[in-house]
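Heads up: the sequence shown at position 66 corresponds to 65 in numbering that gives the first Met the number 0, and the numbers run straight through without jumps.
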Amino acid sequence: MSPPALHPLLQYSQHDRELGHCCPLRWDLRDSPRSACHVAAPDRPLSEFELSQHATNPPVSCLRITCGIFPEESWVLEARNWLGVTVRNVLDEIFATVQRQITYEEWDKFCPKQRNRVNVVFDTRWRRSMDPARTREHGVLRSDCLLQHTLFAGLSAELSSEDTYLLTLGRPKR
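Right, dumping it as structure tokens:
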């Protein structure tokens with residue numbers, strides 16, 4: 000049986016679809032999902048209508064999302080909605096997951112080189128924040144572990160697991 004079809008806004012394509020992007024949605028995971036917009040119209044955020052659309056056709060009540068950057072099972076996301084998972088549910092769950100503080104166990108699994116890279120991103124983030132002391136006190140977030148791969152590049156069906164999709168991330172263009 001084939002997986003449910005993803006909403007076009009969420010679909011990853013290995014080929015550039017719009018203006019050099021592999022997904023029609025432009026969103027930096029460090030920012031609120033409300034900042035997500037169309038690649039073709041960066042000044043126009045997604046409408047309430049678009050956000051309320053089902054993420055799949057037919058609708059599913061639970062959509063599992065994995066990402067190769069997050070090897071831990073604890074980083075697997077599950078967007079849930081008994082009426083059918085929406086585009087908003089997916090974006091909100093991804094954002095909530097990357098905004099969580101990493102655990103000591105997760106930190107210990109990083110090699111020293113990876114820890115140094117994450118520390119550079121973390122230091123930059125807390126120094127630039129509106130409340131540096133509070134931000135630093137909150138600690139390293141999963142979004143810091145993404146390093147430079149912070150752009151949503153879309154979801155694609157994981158053929159080995161029903162209702163599971165792979166999150167692809169991209170780097171902001173300079």
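C-beta: ideal position from N, C-alpha, C; glycine also.
Please read all numbers here as calculations on a predicted model, not as lab measurements.
Take the alpha-carbon of residue 74 and the one of residue 42: they are about 31 Å apart.
The C-beta of residue 158 has fewer than 16 other C-beta atoms within 10 Å across all chains shown, which makes the residue exposed. Taking a C-beta distance under 7 Å as the contact criterion, residue 142 and residue 86 do not qualify as a contact pair.
A Cβ-Cβ distance of about 7 Å is found for the pair residue 64 and residue 78, placing them in contact under the 8 Å criterion. Assigned with DSSP and collapsed to three states, residue 166 falls in strand. In the structure shown, residue 94 adopts helical secondary structure according to DSSP, grouped into three states.
Apart from the 5 residues on each side of it in sequence, residue 56 sits with its Cβ closer than 7 Å to the Cβ of 3, 4 in its chain, given in chain order. The DSSP-derived three-state label of residue 80 is coil.
Nearest in C-alpha terms to residue 8, of all of 31, 68, 104, 46, is 46.
Taking a 10 Å sphere around the C-beta of residue 88, we find 16 or more other C-beta atoms and assign the residue as buried. Counting only residues of its own chain and dropping the five nearest sequence neighbours on each side, residue 60 has a CB closer than 6 Å to the CB of 81.
When beta bridges are read from the DSSP output, residue 88 appears opposite no residue. It is roughly 21 Å from the alpha-carbon of residue 52 to the alpha-carbon of residue 161. Of the residues assessed, residue 11 falls on the buried side of the cut-off, its CB having 16 or more other CB atoms within 10 angstroms. Straight through space, the alpha carbons of residue 148 and residue 166 are spaced by roughly 12 Å. When the Cα atoms are used, residue 170 and residue 150 turn out to be separated by approximately 6 Å. Under the DSSP assignment, residue 123 falls in the alpha helix (DSSP H) whose first and last residues are 111-127.
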